[in-house]
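Written out below as structure tokens is the structure these notes cover.
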Amino acid sequence: MKQKLFDELVEEAASCTRCPAMCGRSAVLSKLNGSPKARIMLIGEAPGRKGADRTRVPFSGDQSGANLDRFLQSINLQREQIFITSAALCNPRTESGANRKPTQKELSNCTYFLRRTIELIDPTVIVTLGSVALEALKRIQYHELNLKDSAAQIHTWQERTLVPIYHPSPQVLASHRRDAQQLLDYQVVAQAIKCS
Ligand code: SF4
-5 MKQKLFDELV EEAASCTRCP AMCGRSAVLS KLNGSPKARI MLIGEAPGRK GADRTRVPFS
55 GDQSGANLDR FLQSINLQRE QIFITSAALC NPRTESGANR KPTQKELSNC TYFLRRTIEL
115 IDPTVIVTLG SVALEALKRI QYHELNLKDS AAQIHTWQER TLVPIYHPSP QVLASHRRDA
175 QQLLDYQVVA QAIKCS
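Okay, structure coming up:
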């Protein structure tokens, strides 16, 4: 039943045209996001041009994906154990073709899919990667967390364990949350998984 509902949601996302600027791109939501039975969900910002928009696998094919794999390996967490999605399911680009942040309207449009995905997968632990993902949860159920004050701490949201951490992009590692600190943050993720 869960698989059938997930397949229906994948079909619905594939044909979604809510965001005019995403015309010509398609939602990264499929069995490649992970098992619907996963107890741990990671939520990113949006698929990257060179990453998931190309490979269709969240956080793969670019440096953010390579960094995430390295952080997951540091706590011995396998991709098979997690489901990965994002606040916006399609890749937002500037007119010149570069990645850009999803607009508030696009995030609002995609809240439906994030809410349905969380309901369906029903994870015990949610890990948000970056401020956009953390903010996106507010649209589903309000919380007062912000990344600066709440990162790498164990919180409760919707009766689930929530750990906000920083995005694994090279830009974030270079300027906001260094590699060594992110490795420590993942130790908190490991602790949250162990305790839930
Ligand atoms: S980002 Fe989400 S809401 Fe917007 S077109 Fe893609 S699937 Fe639809």
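Residue numbers for the sequence shown follow the working numbering, so the first one is -5 and each next one is one higher. All C-beta atoms in this analysis are idealised placements derived from N, C-alpha and C, irrespective of residue type, glycine included.
Contact between the region 61 to 70 and the region 93 to 113 is absent, with fewer than three C-beta pairs closer than 8 Å. Look at residue 83: its beta carbon is less than 7 Å from one of the heavy atoms in the ligand SF4. Proximity to residue 134 across 147, 106 and 54 peaks at 106, based on C-alpha coordinates. The DSSP assignment places complete beta strand (DSSP E) segments of no fewer than 3 residues inside the region 66 to 125 at 76 to 80 and 119 to 123, in order along the chain. Comparing alpha carbon positions, the residue from 87, 151, 3 and 64 closest to residue 162 is 64.
In the three-state scheme derived from DSSP, where H, G and I count as helix and E and B as strand, residue 35 is classed as strand. Contact between residue 183 and residue 159 holds: their C-beta atoms lie close to 7 Å from each other, under 8 Å. Contact check for residue 130 and residue 179: beta-carbon distance about 19 Å, past the 8 Å limit, so the pair fails to qualify. Between residue 86 and the set 46, 4, 76 and 28, the nearest pair of CA atoms involves 46.
Under the criterion of beta carbons closer than 8 Å, residue 21 and residue 83 qualify as touching, at roughly 4 Å. Residue 13 sits buried, since 16 or more C-beta atoms from the chains shown fall within 10 Å of its C-beta. Here the alpha carbons of residue 93 and residue 78 stand approximately 19 Å from one another. Contact between residue 23 and residue 7 holds, since their C-beta atoms are separated by about 5 Å, short of 8 Å. Going by DSSP, residue 183 is part of the alpha helix (DSSP H) stretching over 173 to 189.
Spanning the alpha carbons of residue 59 and residue 38 requires a straight line of approximately 11 Å. In this structure, 96 is the residue among 96, 75 and 91 with its C-alpha nearest to the C-alpha of residue 81. Within the region 125 to 166, complete beta strand (DSSP E) segments of at least 3 residues are found at 149 to 151 and 154 to 159, given in chain order.
The secondary-structure analysis by DSSP pairs residue 28 across a beta bridge with 77. When secondary structure is reduced to three states using DSSP, residue 64 falls in the helix class. Relative to the ligand SF4, the beta carbon of residue 11 is positioned inside 7 Å of a heavy atom.
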